[in-house]
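Quick notes on the structure that follows.
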Amino acid sequence: MKSNISLLIAQALFLFCYQAFGYASEIAITFDDLPASIEESIEEQAQINQQIVNALIKYRVPAIGFVNEGKLYRTNETQEKINLLKLWVDNGFDLGNHTYSHLSLSSITTKQFKAEVTNGSKISKQLMQSAGREYRYFRHPYLDTGETFKIRSQFESFLKHEGYLVAPVTIDTDDWKFNQQLHEFPQNKDKIIQSYLKHTRAKFAFYESASKQMFGRNINQIWLLHANLVNSLAIESLLTIAQEYGYHFISLDDALQDKAYLSADSYYAHFGVSWLYRWDFTRGKVVDWSQDPEPDNNPFISTKTIKFYDKDRKRLIPVKIYVSNESQGKANAGIIKLPVAIINHGYTVRDTEYSFLANALAANGYFVVSIQHDLKSDPPLAQTGNLFERRKPLWERGSTNILYVIKELSRINPSLNLSKVTLIGHSNGGDIAMLFARNHPQFVKKIISLDSLRMPFPRTGLTPILSLRGNDTKADEGVLPSQESLKQLAITIIPLPEAKHIDLCDRGPEVIQKQMNALILKSLRG
1 MKSNISLLIA QALFLFCYQA FGYASEIAIT FDDLPASIEE SIEEQAQINQ
51 QIVNALIKYR VPAIGFVNEG KLYRTNETQE KINLLKLWVD NGFDLGNHTY
101 SHLSLSSITT KQFKAEVTNG SKISKQLMQS AGREYRYFRH PYLDTGETFK
151 IRSQFESFLK HEGYLVAPVT IDTDDWKFNQ QLHEFPQNKD KIIQSYLKHT
201 RAKFAFYESA SKQMFGRNIN QIWLLHANLV NSLAIESLLT IAQEYGYHFI
251 SLDDALQDKA YLSADSYYAH FGVSWLYRWD FTRGKVVDWS QDPEPDNNPF
301 ISTKTIKFYD KDRKRLIPVK IYVSNESQGK ANAGIIKLPV AIINHGYTVR
351 DTEYSFLANA LAANGYFVVS IQHDLKSDPP LAQTGNLFER RKPLWERGST
401 NILYVIKELS RINPSLNLSK VTLIGHSNGG DIAMLFARNH PQFVKKIISL
451 DSLRMPFPRT GLTPILSLRG NDTKADEGVL PSQESLKQLA ITIIPLPEAK
501 HIDLCDRGPE VIQKQMNALI LKSLRG
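Residue numbers (UniProt numbering): 1 to 526.
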């Protein structure tokens, strides 16, 4: 976490002032991704929603839940899931539109996104109207309000025509990251929740400080949470933290009465951020956003950087290691040999930018090695001419890096099973993985291709391949096998219609990361 002495002092001063002098602030609490953030069993979803609703009633919080109605139809439990939405409405809580399938505005056409809004309103709107309440709020998935002025303007005109108001966010406490930890390490529930609460306090202090720097006061805040497991377990503690900071719970309607929400916003990007950042960006940035607290690294997974050096090529090969403490302990005791997964990054993406996947693999018993193939001293990647021929030397260099790392790891770490490794490669790193599998098939158990585009897939049928494809790129001719031959060649190709090429790393949104992890882990187990 990015913490420093000044942030800790600010946090203490906020608490002192609120408790000593009763300074009042107001906050609206919103929950995204109803009926549940991760596709749990219907029994687990019911428990999550009931615990959250019970706490909101107890603390008299006029919250609102934003619904992805596509989740209602993914299993044969549609009525049971509708009943979860009804639970909110029957207890006085509003519902809002979070689109049908949680695609971002920048990932599809404006016409398609309008259909997402229309299809995402049918059940929720009916429930609200049956209760005699107005259905009028829209929350952008990923807080993506449009990459350009034109896209945003067109969509906002549509929202206005349909009677919607946008639901902004000023406080985001990264609950999804702790929820992911909780699913990976349920045995460490208490530690994860305490870490989450500590992070929430730091976030409150930072956002209040940012608000005061920008407006000279603490504005009405709007807190983004999700309907997930970690919030169902921590909800009363979270609400208590808000009260400790002097907050009075108000509705989204009331929060938006603050004139701060009329501030200009010229922030255009694929994925969104807090409205405080947007307004500050538009004004010219008076806030030091580098001090925005980030969650601590996963405490149940050890990471280490090793800098290998290939004397024959006079080349540095940095790698980052991820391994769960529990798995490494078993390996050290001689109980198991750790399976190895090697991640190969895309061009302009660093080896450290696949932590969502590396942590998930480590949590599932893998010894994960992420290789930094590109060095500052390397020439730039060819962008013109015959790209296959011009980039092939780079792939060959990467293939040699992988072989060197395997040999060095076998020398220094006898607890690893390096006879057959899983290769994972994004874009250019996928091309490296494919070439390595062609040159050294004896070392490869499976290949996971994340939108690799140019090196043809091996067609021996001896190396299973899972290929996840983004929506904005197309592989060169001959790279992918024909549809008819996939099964025979043990190759599975799965399109990710909501994901762009660059989203298949840490820069992408949570939902895509979850989807990728689920598909990859299922493939590895199968």
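Glycine included, each C-beta is placed from N, C-alpha and C at the ideal position.
- Here residue 225 has 31, 175, 231 as same chain residues with Cβ atoms under 6 Å from its own Cβ, once five neighbours each way along the sequence are excluded.
- Apart from sequence neighbours up to five positions away, the residues of its chain that approach residue 513 with a beta-carbon distance below 6 Å are 356, ordered along the chain.
- For residue 367, the enclosing beta strand (DSSP E) covers residues 367-371.
- In this structure, the straight-line span from the alpha carbon of residue 257 to that of residue 151 is close to 26 Å.
- Sequence-distant partners of residue 167 (beyond 5 residues in either direction) whose C-beta falls short of 8 Å from its own C-beta, in its chain, are 30, 64, 66, 96, 137, 138, 139, 222, 252.
- By the neighbour-count definition (other C-beta atoms within 10 Å, threshold 16), residue 344 is a buried residue.
- Between residue 473 and residue 448, the beta carbon gap of about 17 Å keeps them out of contact (Cβ cut-off 8 Å).
- Shown here for residue 184: same chain residues with a beta carbon closer than 6 Å to its own, the five before and five after excluded, namely 363 in chain order.
- Per DSSP, the beta bridge partners of residue 223 are 29, 171.
- Taking residue 207 as the centre and dropping the five residues before and after it, the same chain places the C-beta of 170, 171, 221, 274, 276 closer than 8 Å to its C-beta, in chain order.
- A distance below 7 Å between beta-carbons, with the five flanking residues on each side excluded, links residue 99 to the following residues of its chain, in chain order: 68, 116, 117, 120, 141.
- Of all C-beta pairs linking the segment 324-344 to the segment 396-411, three or more are shorter than 8 Å, placing the two stretches in contact.
- Scanning its chain for C-beta atoms nearer than 6 Å, with the 5 sequence neighbours on each side dropped, one finds around residue 106 the residues 144, 147, 270, in chain order.
- Between residue 504 and residue 493, the C-beta spacing is not below 8 Å.
- Counting other Cβ atoms within 10 Å of its Cβ, residue 437 reaches 16 or more and is therefore classed as buried.
- With a threshold of 16 other beta carbon atoms within 10 Å, residue 462 falls short and is exposed.
- From the listed residues 259, 515, 404, the smallest Cα separation to residue 37 is found for 515.
- DSSP places residue 242 in the uninterrupted alpha helix (DSSP H) bounded by 229-244.
- A residue is called buried when at least 16 other Cβ atoms come within 10 angstroms of its Cβ; residue 213 does not meet this threshold and is exposed.
- DSSP places residue 423 in the uninterrupted beta strand (DSSP E) bounded by 416-426.
- Per DSSP, reduced to three states, the secondary structure at residue 198 is helical.
- Within the segment 316-392, the complete alpha helix (DSSP H) segments at least 4 residues long are 325-332, 355-363, listed from N- to C-terminus.
- Contact check for residue 61 against residue 249 passes: the beta carbons are separated by less than 8 Å.
- Beta-bridge partners assigned by DSSP to residue 495: 469.
- Two segments are said to touch when three or more pairs of C-beta atoms, one from each, lie closer than 8 Å; by this definition the segment 407-420 does not touch the segment 371-381.
- Under the three-state reduction of DSSP, residue 247 is assigned to strand.
- Leaving aside the five residues that flank residue 368 on each side, the residues in its chain whose CB is nearer than 6 Å to its CB run, in chain order, 322, 341, 358, 361, 362.
- Counting other Cβ atoms within 10 Å of its Cβ, residue 451 reaches 16 or more and is therefore classed as buried.
- Around the Cβ of residue 199, a 10 Å sphere holds 16 or more other Cβ atoms; the residue is buried.
- By a beta-carbon distance limit of 8 Å, residue 418 contacts residue 406. Their separation comes to about 5 Å.
- Taken atom to atom, the span from the alpha-carbon of residue 479 to that of residue 394 is near 18 Å.
- Taking the CA atoms as reference points, residue 49 sits about 50 Å from residue 383.
- Check the Cα spacing between residue 159 and each of 114, 439, 188: the tightest is with 114.
- Under the three-state reduction of DSSP, residue 511 is assigned to helix.
- Within its own chain, the residues whose Cβ lies closer than 6 Å to the Cβ of residue 165, once the five positions on either side in sequence are excluded, are 136, 137, listed in chain order.
- Taking 8 Å as the cut-off, the Cβ atoms of residue 247 and residue 57 do not count as close.
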